[in-house]
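Residue numbers (the UniProt record's numbering), protein chains in the order written: chain A, 1 to 1034; chain E, 1 to 563. A quick write-up on the structure given underneath.
Structure (structure tokens):
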């Protein structure tokens, strides 16, 4: 980690230095190869001797020429393996079979192994040699002690023997440290394109060993190449090493025979044993494809061989093909590329799925298949159902009429006139004679057509053109208004559609803001806000789920992209999209609206127009106005140079009609213009409000002609008439006009007051109105009233009047009096005060009368009666026969004196309520099962004997709101049998079922046609007609 | 050919489109019902003339319809109509009760002093005339003109068309009022004893017998819509009865004095009821919300009231008969009755009973000195349904109808306030089901104590037999033993739970999977388990380290032990 920065520094040197150092190195191993080997073998015994050993080894290695070195390095992790291969091959070639060192090697691999470890790390992470070395040192000491003694251990060590070469690498590392040689950058390796990332081969020493054995068995082409190189390089210095390796080899063979269990390694070895020796690269035969250029090919032709030919080609088509074949290729390559991986890839076989699951999967697949098959009929079914989706004949949605109406050949459509005439064949004498006559007179349809054509042909073409132009002009004139109206309508609809869409686009799908929804929720207790939020959440989650916005998404984004230049188009676009999306989401998080999107929308919505620079509602409005104006201009221009017309169009009635149409079109246009203007004003108003909160005017009810000024305009109090606006005065008078007496009064008295601009609202009681009402009510008695009370008294009386008014419903009296009363507007107030008194005395009188009555009844009754009596008296008095009537009532009252029927009824009702109310019954038998007497505890089982009777709470009763009605809550048990216990099948609620009940079917409830409709069978078959099977391709 | 158009399908019954077929069905129902309604309206408009309801109209504002006398009407009307106005002078046998058959063809009158007469009044043919020689209080036709019942001094008797006594109903004692429910074949009577009795005239059984507990009852009416019997009582209440419930379904405090008469408006399906009190008040009620629509005060007690088929209200008070057309019109005084449509006065005799003749503009009035048939233009329904009641039916048709109506007889227990009750869903059952079903909103869990033993055990999570005895002989055991037992139980449960707690779901899942099956999920599970173990280990270590750090026993380097 400390040295991570170093590699790049040392790397450039590597090729050059190796070259320079080559000759010097070459000599060293040749002289002291055997010594070095022995020294190397002895080195681990001294523990930390790795460093001292290393340089020598490097020298030995240094003989390798730069190209081969480079190729070694470039193999990356596989390099060590290659090295060991080299060694072994070397041994083979040289025929070295050294003996004595073998015993010694029991120690040697220790150090070698360390070397190997360090090498691995090197390849993976760059250079870490120092740390590794120290680790190795420790490890070697630890490991060394136990292994020294036993021979078996030594033999096990021998498995790791081939990594002696890696020890050489270790040396090399040191060498690199000093000279910066022998390393290439990982990126460089990648560039070379032969980077083999298969780790499995260098997992352990045993693997190397196995590889070695493999190589021994199979003489691959590459190995042979290396052979030649190595052959030339190694002269004598490696002899010892070679013999050592040979020794190991022999040892290994022994071990194979032993079958000693050594975990995985031994297992793998065992497998190797099975392979028989081969003399040829692949079995020869006429069916064997000869294409084996890599070592482990067993003569079979695989996909890779075929693909390799265009692996590097830049042809896009080939690239596409490569892509499609990729899964196949990848499936074949691992087995072919490495010799060991097939063991790993095919582990234990996956257990078959449980039958149930398998069935489910099968069913799903079958369903898909069947659906696919049946979906082919969809079009046919849809056509048969017709436009409405209810069936060919609308209401006959559940009915099928055979033969089908839409079916070909079964159509019983009556041909039209042209068809008739074309097909017509005379069948009887009359027809044939008529036809012959027509033929004779050249009056048949074809003859007529011909005649027309010839007539046209005979005319001068210029003449014809002029005539056509004239006709066109007349047509234009006739339908001008119509066209204009259409155009105006189009402008209008376009503008409004745009605005609507804008509003919609702003606020999601529902087109309403959350606040609005909340408002609506509050109104009816729904959960629109929650739903909306949920919807938005889901939408957001979906968007995020694509991962297209983030750098985490996509395979390409995982690699380090320097910039966008190096990428091909596909990636480039993907990256761009990602960035765009990311930006959009960010914007949304910030709560911004994307303006460009709306602009796009505008553009796509209106392709014929140029892109609107102002996209707001204002823009739309202005544009619509412009369009309208241009239309008007065109019209005006047309009207200006309108030629004098003649013919039918020139006649008066036609002109009138045209004018009428014009008027109508003009009306529409002006209306649209007005609306647009109003819209504009509103927009301006909105701006004003934003800018100056103190603006004091407000439009009234969206009417551009009405504005309200003043402080009250800010809040929503409606229609405050102001002195600044004389137009509002009539409106106040209209509100008052219901009391006809007041209308002149209000106007005359209001004008001086109105300068104060007292804010009044409609729900507030109009003092003038109130005065008038009270005045009109009391006016009759006012004549008798004494005036001149002091103001305090008057106010007290007024209070009483109000109270009395609320208690008594005297509207009818007021109504009566309205007719007779006339009032002087000047003394409204005074009279109101004064007239209060007699009104108060009236009820007291009544009360007295009620008290004087013979019965003492409930107050309600009293009140009612007293009012009744009052009315009766008045009524009788009016008719002049009051005395008699009064006497009779007295008599009746007396007759039923003491009949406390109302009280009795109320008591009865109370009893009924109590009877039905939910209650608990105590069924305890006192003294039963418990002790009685003083100090006796209450039995704990007392609760057992209390039965709860769930009745009906008084508030839940049907008659809860009535005073004079008792509705029994007793169940009609006999009627229970007519009720259903379960909901009948197709219905999901009682309401649906009752809907069915309310739709009776029978001659008593509907007319015969309806009944026939209702009882028509679901499949109707026309008799005597062949019914062909439905073809799905009709 | 008429088909329900798509635009008729307004109400989407199935909102969620969960069941397309059902949705279609319901929409078809809606459209069918709507089309049916529209069609029948069209049909009625086409066939029935609504332009002239047959009412008398004034030519100018100064004219009053009630000023028109019967003589003038008779004079100015056609002979066929004029012949409908007649009068029977039967002065000696006292005030007469009146009844028409359902088709309005036959008339029966019963004098208080035992004079009974039945007629085919259209043709003026007398069916029977008998002198009972005892009090006859009321007379009613049964299902048609072949039988009639008379409430006599002691019992109710049934006579046939010829006046031959057929039955003596001994169960009905001192009956004052009778009603016949034509669709149920029930004769309902009420009398001085205050018992309401229902007699099935097709089977002869006494169907129901109810005690009103309100003393003698003189007033009775039936609701033609739901076949309820309305009784007016001495204490001013009106009670509504059905034969299947022994108590009045509704009691209404209508008047403060005795109720003198009740009538229900057939034109509004019985939703309008008029009651008159002895104190002279007349109240028009809405029987749906039991509210007074109009209230009038008469100078004399209205003795009898009747609604015509077209909604004219006739009131007999004193020796007057007033027929009211427009009850809604407010008078000058709210309690003053509106100006009548027609009036008639019987000089010297009080009106006793009156009925509008069905399908005819005739009001039959029984009074002290006989019977008078008054012509009230626009009173009767002009269009009759011959399947229901045919004024011109012949002998064969009558027989057929009798058989048909017997076959279609409605059981008495179908008489309920809710006329559309039959076939509805039983709310009680629904409620009970909801209470049981935990998925329903009305679900109420039974309290622990009320559960069965098995359920209780299940609730405890220990469904074993060894606990049997402790619930049995609980009471005998002394406190200590019980406590010990409880303790033991708790411990046992505890132990069990602890054992259970050892298991993680993950392990359980692993155990469930067969060991020898190696599939990705198993591998993943194993790995997860491993990770969990490691995490717990680390957590433990951390906790330990923290603890030691907190207690100060940690070594100098222990702080690096955190992971």
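For each residue, glycine too, the CB sits at the ideal point set by N, CA and C. Please read these numbers as outputs of a predicted model, since none were measured by experiment.
#1: Who does residue 55(E) pair with in a DSSP beta bridge?
#2: For residue 219(E), which of 194(E), 130(E) and 457(E) has the nearest alpha-carbon?
#3: Mind pulling the chain A residues with CB within less than 7 Å of residue 248(E)?
#4: Work out the CA separation of residue 956(A) and residue 537(A) for me, nearest whole Å.
#5: Residue 70(E) to residue 368(E), Cα distance in whole Å?
#6: Which of the three DSSP states is assigned to residue 154(E) in this structure?
#7: Can you tell me whether DSSP reads residue 636(A) as helix, strand or coil?
#8: Distance check for residue 38(E) and residue 1007(A), CA to CA, integer angstroms please.
#9: Around the Cβ of residue 397(E), are there at least 16 other Cβ atoms within 10 angstroms (buried) or fewer (exposed)?
#10: For the beta strand (DSSP E) that contains residue 947(A), what are its first and last residues?
#11: According to DSSP, is residue 1005(A) helix, strand or coil?
#12: Check this for me: beta carbons of residue 301(E) and residue 278(E), under 8 Å apart or not?
#13: Looking at the unbroken beta strand (DSSP E) that takes in residue 286(E), where does it start and where does it end?
#14: Identify whether residue 302(E) lies in helix, strand or coil by the three-state DSSP scheme.
#15: Taking Cβ-Cβ distances shorter than 8 Å, what residues in chain E pair up with residue 902(A)?
#16: Are the region 217-233 of chain E and the region 388-403 of chain E touching, with three or more C-beta to C-beta distances below 8 Å?
#17: On the three-pair Cβ rule with 8 Å, is the region 83-98 of chain E touching the region 354-368 of chain E?
#18: Find out if the Cβ-Cβ distance for the pair residue 413(E), residue 974(A) is shorter than 8 Å.
#19: Please list the partners that residue 35(E) has in chain A, where partner means a Cβ-to-Cβ separation under 7 Å.
#20: Pairs of beta-carbons, one from the region 167-176 of chain E and one from the region 397-407 of chain E, closer than 8 Å: are there three or more?
#21: Mark residue 523(A) as exposed unless 16 or more other C-beta atoms lie within 10 angstroms of its C-beta, in which case mark it buried.
#22: Beta-carbon separation of residue 209(E) and residue 197(E) under 8 Å?
#23: Would you kindly work out how many angstroms separate the C-alpha atoms of residue 752(A) and residue 673(A), rounded to a whole number?
#24: What did DSSP end up calling residue 322(E) once you bin it into helix, strand or coil?
#25: State the Cα-Cα distance for the pair residue 232(E) and residue 240(E), rounded to the nearest angstrom.
#26: Got a sec: which bits of the region 20-32 of chain E sit with their beta carbon under 9 Å from any beta carbon on chain A, in order along the chain?
#27: Tell me which residues of the region 355-381 of chain A have at least one Cβ-Cβ distance to chain E shorter than 8 Å, keeping chain order.
#28: Please state if the CB of residue 994(A) and the CB of residue 424(E) are separated by a distance shorter than 8 Å.
#29: May I ask you to report which of helix, strand or coil DSSP gives residue 976(A)?
#30: On the three-state DSSP scale, how would you describe residue 572(A)?
#31: Along chain A, in chain order, which residues have C-beta atoms closer than 7 Å to that of residue 413(E)?
#32: Can you confirm whether residue 351(A), when its beta carbon is compared against all beta carbons of chain E, has any partner nearer than 8 Å?
#33: Suppose you measure from the CA of residue 492(E) to the CA of residue 532(E); what does that come to, to the nearest Å?
#34: Could you check if residue 489(E) belongs to the surroundings of the ligand MG, using beta carbon to heavy atom distance under 7 Å?
#35: Between the C-alpha atoms of residue 922(A) and residue 947(A), what's the straight-line distance to the nearest angstrom?
#36: For residue 327(E), which residues of its own chain have a beta-carbon under 7 Å away from its beta-carbon, when the five flanking residues on both sides are left out?
According to the data block:
#1: Paired residues: none, contrary to the question.
#2: 194(E)
#3: Among the residues of chain A, those whose CB is under 7 Å from the CB of residue 248(E) are 968, following chain order.
#4: 43 Å
#5: 19 Å
#6: Residue 154(E) falls in the coil class under three-state DSSP.
#7: helix
#8: 10 Å
#9: With fewer than 16 other Cβ atoms within 10 Å, it is exposed.
#10: Note, residue 947(A): beta strand (DSSP E), 946-949.
#11: coil
#12: With contacts defined by Cβ atoms closer than 8 Å, residue 301(E) and residue 278(E) form a contacting pair.
#13: 281-286
#14: It is a strand residue.
#15: Here the neighbours are 253 and 256.
#16: No, they do not touch.
#17: At 8 Å Cβ cutoff, the stretches touch.
#18: yes
#19: 1010
#20: no
#21: With fewer than 16 other Cβ atoms within 10 Å, it is exposed.
#22: yes
#23: For residue 752(A), the predicted structure reports a pLDDT of 41, less than 50, and the residue's modelled location is therefore unreliable. A value from the coordinates is still provided. Rounded to the nearest angstrom, the two C-alpha atoms are 40 Å apart.
#24: Three-state result, residue 322(E): strand.
#25: 9 Å
#26: 21, 22, 24, 25, 26, 27, 28, 29, 30, 31 and 32
#27: Contacts with chain E (Cβ-Cβ distance below 8 Å) from the region 355-381 of chain A involve no residue at all.
#28: yes
#29: Per DSSP, reduced to three states, the secondary structure at residue 976(A) is helical.
#30: helix
#31: 974 and 975
#32: Answer yes: the Cβ-Cβ gap between residue 351(A) and chain E drops below 8 Å somewhere.
#33: Rounded to whole angstroms, residue 492(E) to residue 532(E) spans 30 Å at the Cα level.
#34: This structure does not include the ligand MG; it has no bound ligands of any sort.
#35: 7 Å
#36: These residues qualify, in order along the chain: 284, 294, 313 and 338.
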